[in-house]
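Asks: Pasting a structure below so you can have a look.
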Amino acid sequence: MIEGQARRSGVFLLELMISILFFCIAAAVGLQLFVKSHCISEDAGNMNMAVHKAAAAAEVFRSGTDMEDYLKEEYSYYEKEDNTFLVSFAADWENCKTKDAEYTCGLHWVKRSSGWSVILQ
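Okay, so the sequence shown: first residue is 1273 according to the numbering used here, each after it adds one.
Here you go:
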């Protein structure tokens, strides 16, 4: 009688261990999915903010407003070299110095036969 109970207990413990292993694997896969979705969401947010900053610069260019005046008013830190402006942003999209930048937006003016064009980088 004790032998029969021992065998049944052993089988039950084996089934329990297999069930725990299965749920651990499922939890690990689920956690990876949540982490990956969080990373994708952050990337999408950063891409959206980059598009917003580029669209704002393009609208200023199209309106004919002096770009340097606009940059002085909107951003504390920017660099100017010939026909190129470089605006730097930290990870939270706040304007910062170039050495601390996570993201940069380059605006380059090109003289074409039809007039001036701006290239956003």
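Backbone N, C-alpha and C fix where the C-beta goes; we use that ideal spot for every residue, glycine too.
Helix, strand or coil: how does DSSP classify Tyr1342 here?
Replies: Tyr1342: helix per DSSP, three-state reduction.
Asks: Please look up how many angstroms separate the CB atoms of Tyr1350 and Phe1361, rounded, as I've assumed it's under 8 Å.
Replies: Incorrect: roughly 11 Å between the Cβ atoms, too far for contact.
Asks: Under three-state DSSP, which class holds Cys1311?
Replies: DSSP places Cys1311 in helix when its eight states are reduced to three.
Asks: Ser1309 to Val1301, Cα distance in whole Å?
Replies: So the two alpha carbons sit approximately 12 Å from each other.
Asks: How is the beta strand (DSSP E) around Thr1356 delimited, first residue to last?
Replies: Here the beta strand (DSSP E) through Thr1356 covers Thr1356 to Phe1361.
Asks: Would you call the stretch 1312 to 1325 in contact with the stretch 1373 to 1381, where contact means no fewer than 3 C-beta pairs closer than 8 Å?
Replies: At 8 Å Cβ cutoff, the stretches touch.
Asks: Which same chain residues end up closer than 6 Å to Glu1287 when comparing Cβ atoms and leaving out the 5 residues on each side of it in sequence?
Replies: Excluding residues within five positions, none has a Cβ falling inside 6 Å.
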